[in-house]
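In order, the protein sequences belong to chains A and B. Using the working numbering, the first residue of the first sequence is number 1, and each one after it goes up by one. Using the working numbering, the first residue of the second sequence is number 362, and each one after it goes up by one. Every residue gets a Cβ at the ideal spot worked out from N, C-alpha and C, and that includes glycine. Remember, predicted model here, so these are calculated numbers, not experimental data.
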Amino acid sequence: MSVFTGDSARGAARRSTVPVASPVPDPSVDAETDAGADAGRGGAGWPDDDHQSGEGGWRKREIRLRLLRWEARFAPYAYVAPFFVVFAAFGIFPLGYTAYLSLHDYRLGSEMTWIGWGNYEWLFGNPKFYNALWKTFTLGALSTIPQLLIALGLAHLLNYRLRARNFFRVSMLMPYATSVAASTLVFSQVFGRDNGFVNWLLSLVNIDAIDWRNGNWLAQIAISAIVMWRWTGYNALIYLAGMQSIPMELYESAAIDGAGKWKQFIHITLPGLRPTILFTIVVSTIGASQLFGEPLLFDFGNPRGGAVSQYQTIGLFMYEQGWFYFQLGKAAAVAWVMFVLILGLVLINVGLTRWRTRESR
Amino acid sequence: MSIVRTKAAGLVAGALSVALALSACGGGTGAASEDGNTDEGGDVTLTVSLFGTFGYEESGLFDEYEASHPGVTITYESIQQEDEYWPALQTRLNAGSGVADIQGIEVGRIRDVANNQGDKWVDLTTTSAAAQIEKYVDWKVAAATTDDGKVLGMGTDIGPMAICYRTDLLEAAGLPSDPDELASELGSWDDYVALGREYMANAPDGTAWTDAASGFYNAIISTESEIYYDEAGELVWDSNPAVRNAFDLAAEAGSEGLTANVQQFSPEWNQGFVSGSFATLACPSWMIGYIKGQAGDAGSGQWNVTGLPGGTGGNWGGAYLAIPTASEHQEEAAELLAWLTAGEQQAKVFANVGNFPSNTDGIAAVGDVTDDYFNGAPIGEIFGAVAEAAPTQIIGDDDGVIRNQLSRALDSVVANDVDPADAWVAAGDGIRNEIG
């Protein structure tokens, strides 16, 4: 009810003045109620009220009411404005401008010329583009599938009562806290041909030095290892959270029915985790389709992705066009195609989720 | 009443955040435009933005200039990687703000500047630096000159090419390690490859004749005058026998295992200077400083330098200084630019970091410089002779793209066992794909 007290006080003030039919409202009454209202607002505004008298006071009050009404209508927009201002500047505008650029032949530093769909024709007739698409897919599969499986296993283990459980849980998240650049630079050394740690390990079992960087699948495996090292713990924690929301009673009754740990995992944990698993698949798929930093730094900052582009992802391909050859128009076309592809992936994922949930009902 | 309170407070908060967001956006441009600030009373702050090592700061030249020019303050910044420096500079040039009064330009970019950015850089013939233009090696000025005769950049260093080699490794393989003896065995690039085969036959384990096929290719091609474009500006890379021969020879050396299968400027390449994984490498003058940095004190006395096969001349790298038209202190900047690129200063830089002068006065001044690290090699004389013999190269807009694709193809021959002929075809596809 306190909500209305301000208004009723104001209403009272109006009633107290209007019936007198005095052309001059009593300033003292006005000042009192206003002071009360002001105090109620924490003294936030209208300091000039006290100095008002006569007609001016009336008009002021009218203006104030109008202002309040105006405020009530528009204030919400002001509250949400910061997000939309930032979103427009860094989201909508770049998106639109990229679309505009993609229809031009534009080399940074020279004139822009309109070429219509030329950049898209170039793109879809370009074997390098399909190579990049394929590599994005294989790298994505190589890094995502084992990563999620390992994360699931780790989460299952961490769900048991272990000694120093919290230590293990926190240490899972440590790789996630390192930067892509730092971990890639370290892994570049680890997978080095001449003095790398992995090759040293292999040499202990008499396997010759492997040229990780220049192999096709070898390089992709090395890059996947970086991605997996970074993200497995993160996904494991998400799975762990999901597992903890599965009621213990289910496991207990399953155990009574004679189901072993493996059966419990298959028949209770997995179905219970279905929404969580779908979430991680969606997020990992999007992440994989944007893979960029790891393959870039694995070739020492060169966006070609290896001498035969054996690990050039679509992100690298776009960067190579834009910031290596300065073909901003072509890069913009790649960006838009990439955008549409990711949108498609997300839609497929959402569709799958809906279909699965409907089926499970 | 509480709803009134929250509304008022909310309105203030909303208005504030909008104002903050707007001022945050405005702040960036404001700060950028203040970059070249004009101080009161004739004092001037000149900003200099470079990449890699130009050697001015290292040789104390900025301090020296400030001391002799009261009222001038120099603010200097440098980005190590040219391929990060250049895109940033391009976006600033296009935006028309945030550029320094003097910017460095790599020689590989200078034709692009002269052909496409004539309105973004100050024509130095209209400034006080004009008197100095005739002092530089001819091709250096020619590359920075536009079709209508504007000179947009003034030469800093050039990269006369020689061959650096490990005396200890050559001796171990029974080859001559004296520079003159070695030079007498190297009549041509074919001789160089033949000598490489000889080396490999007796080489210490884990070493190769040279570092990378793409580096070898660069060395051969650097001695040519017509490479990817002809005099008329037409693309001729795929019909130019010089390009094909250089590619084939480098690919041959690579697929025979004469190269160490390392990428230039990679960590493995850097380690190679210490571990000796390659015995020789194409060595422009600035590589002298690079080798010292990588091989360290332990490498002192292990290295030596000799000229290119057959006493030819070649060039790899080098740079320019230029003034953006957006600069507010063009005349003062031109004075500083002329001083920095004058012979005397270039000679100091050469003595300090090994960047070879492009100014003929500077070349004359360094003629008797020797280097103890390289067994007392007369580097001033060697590089001077190479610079004199170096041809005027025709450089086109897309030289960078073509060189990049060919280097990549050569890497694939060595690293991925691609057949040289297939690699050449792949490079051609890549080039046509990129530049139509």
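Return the first residue and the last residue of the beta strand (DSSP E) that residue i is part of.
i        : result
THR434/B : 433–440
TYR590/B : Segment: none, TYR590/B is in no beta strand (DSSP E) and carries neither H nor E.
GLU467/B : 463–467
ASN410/B : In the sequence as presented, Asn is not what sits at residue 410/B; that position holds Ser. Segment 405–412, the beta strand (DSSP E) holding SER410/B.
ALA573/B : From DSSP, ALA573/B is part of no beta strand (DSSP E); its letter is neither H nor E.
ALA680/B : 676–683
THR641/B : 639–645
TRP447/B : Not the beta strand (DSSP E): TRP447/B falls in the alpha helix (DSSP H), residues 443–456.
THR667/B : 664–667
Just the Cα atoms here: how many angstroms apart are residue i and residue j?
i        : j        : result
VAL409/B : ILE755/B : 29 angstroms
ALA683/B : SER309/A : 36 angstroms
PRO602/B : ASN349/A : 54 angstroms
PHE265/A : GLY258/A : 13 angstroms
VAL779/B : LEU316/A : 23 angstroms
ASN794/B : ASN126/A : 7 angstroms
ALA544/B : GLY672/B : 8 angstroms
VAL365/B : LEU68/A  : A caution first: VAL365/B carries a pLDDT of 41, below 50, which makes its placement in the model too unreliable to give a value.
ALA694/B : VAL460/B : 13 angstroms
LEU701/B : THR434/B : 15 angstroms
GLY344/A : THR285/A : 11 angstroms
ASP599/B : TYR589/B : 8 angstroms
LEU642/B : LYS481/B : 38 angstroms
LEU152/A : ASN563/B : 55 angstroms
ARG230/A : MET172/A : 9 angstroms
PRO251/A : GLY260/A : Correcting the residue type first, residue 251/A is Tyr in the shown sequence and not Pro. Approximately 10 angstroms between the Cα atoms of the pair.
ALA726/B : ASP518/B : 14 angstroms
MET522/B : GLY465/B : 21 angstroms
ASN131/A : TYR553/B : 38 angstroms
ASP591/B : VAL597/B : 6 angstroms
PRO27/A  : GLY56/A  : Bear in mind that a pLDDT of 45 at PRO27/A, under 50, signals an unreliable position, so the number given afterwards is only what the model happens to contain. Between PRO27/A and GLY56/A, the C-alpha separation is close to 11 angstroms.
ALA750/B : ILE724/B : 13 angstroms
GLY650/B : GLU617/B : 30 angstroms
VAL180/A : ASP539/B : 48 angstroms
GLY514/B : THR506/B : 8 angstroms
ALA255/A : ILE281/A : 30 angstroms
ALA331/A : GLU532/B : 52 angstroms
GLU326/A : SER586/B : The amino acid at residue 326/A is misidentified as Glu; the sequence shows Phe. Using only the alpha carbons, I get a separation of about 26 angstroms.
ASP50/A  : VAL80/A  : Residue placement at ASP50/A is poorly supported in this model, since its pLDDT is 49, which falls under 50; the coordinates still yield a value, given next. Taking the straight line joining both Cα atoms gives about 34 angstroms.
Would you mind reading off the limits of the alpha helix (DSSP H) that contains residue i?
i        : result
TRP700/B : 691–701
GLN321/A : First-last for GLN321/A: undefined, no H or E at that position.
LEU767/B : 760–776
GLY633/B : 628–636
GLY557/B : 550–563
LEU531/B : 528–533
TRP598/B : Segment: none, TRP598/B is in no alpha helix (DSSP H) and carries neither H nor E.
GLN706/B : 704–714
VAL502/B : 499–504
ILE743/B : 740–750
Looking at residue i and the ligand GDP, is the gap between the Cβ and the nearest heavy atom below 7 angstroms?
i        : result
ILE256/A : In terms of ligand content, the structure shown is empty, and the ligand GDP therefore cannot be addressed.
- Message: Threshold first: 4 residues or longer. Then list the alpha helix (DSSP H) segments lying entirely within the region 178–235 of chain A, N to C.
- Response: Counting whole runs of 4 or more residues, the region 178–235 of chain A contains the alpha helix (DSSP H) stretches 180–190 and 197–204.
- Message: Which complete beta strand (DSSP E) runs does the region 95–151 of chain A hold, if anything under 3 residues is left out?
- Response: 104–106 and 112–114
- Query: Got a sec: which bits of the region 169–203 of chain A sit with their beta carbon under 8 angstroms from any beta carbon on chain B, in order along the chain?
  - Reply: SER188, GLN189, GLY192, ARG193, ASP194 and ASN195
- Please name the residues in the region 96–111 of chain A whose beta-carbon is closer than 7 angstroms to at least one beta-carbon of chain B, in chain order. LEU108, GLY109 and SER110
- Positions along the region 301–322 of chain A whose CB lies within less than 9 angstroms of some CB in chain B: GLY301, ASN302, ARG304, GLY306, ALA307, VAL308, SER309, GLN310, GLN321 and GLY322
- Are the region 411–424 of chain B and the region 708–727 of chain B in contact at 8 angstroms, needing three or more beta carbon pairs? yes
- Query: Looking at chain B, which residues of the region 212–230 of chain A have a Cβ within less than 9 angstroms of any of its Cβ atoms?
  - Reply: ARG213, ASN214, GLY215 and ASN216
- For the region 232–247 of chain A, which residues have a beta carbon sitting closer than 9 angstroms to at least one beta carbon of chain B? none
- Query: When the Cβ atoms of the region 455–471 of chain B are set against those of the region 657–675 of chain B, are three or more pairs found closer than 8 angstroms?
  - Reply: no
- Item | Near-chain B residues of the region 120–143 of chain A - C-beta to any C-beta below 7 angstroms | ASN126 and LYS128
- Scan the region 259–299 of chain A and note each continuous alpha helix (DSSP H) run of 4 residues or more that stays entirely inside, going in chain order. The DSSP assignment places 261–264, 270–289 and 293–298 as complete runs of the alpha helix (DSSP H) inside the region 259–299 of chain A, in order along the chain (cut-off: 4 residues).
- Mind the definition here: the region 133–146 of chain A touches the region 215–223 of chain A only if three or more C-beta pairs lie below 8 angstroms; say whether that holds. yes
- Message: If contact is defined by three or more beta carbon pairs under 8 angstroms, each pair taking one atom from either stretch, is the region 677–691 of chain B in contact with the region 737–744 of chain B?
- Response: no
- Looking at chain A, which residues of the region 702–735 of chain B have a Cβ within less than 8 angstroms of any of its Cβ atoms? none
- For the region 449–463 of chain B, enumerate the residues whose C-beta is nearer than 8 angstroms to any C-beta of chain A, in chain order. GLN451, THR452, LEU454 and ASN455
- Decide if the region 197–204 of chain A is in contact with the region 631–647 of chain B; the criterion is three or more beta carbon pairs, one per stretch, under 8 angstroms apart. no
- Query: Which of the residues in the region 476–497 of chain B, read from start to end, lie with their CB under 7 angstroms from any CB of chain A?
  - Reply: Taking 7 angstroms as the Cβ-Cβ cut-off against chain A, the residues of the region 476–497 of chain B that qualify are ASN477 and GLN478.
- Task: Could you name the residues of the region 264–298 of chain A whose beta carbon sits closer than 7 angstroms to any beta carbon of chain B, in the order they occur along the chain?
- Result: none
- Message: With three or more C-beta pairs closer than 8 angstroms as the rule, is the region 149–165 of chain A touching the region 320–340 of chain A?
- Response: no
- Task: Assess, as a yes-or-no matter, whether the region 300–309 of chain A is touched by the region 766–785 of chain B under the definition of 3 or more beta carbon pairs within less than 8 angstroms.
- Result: yes
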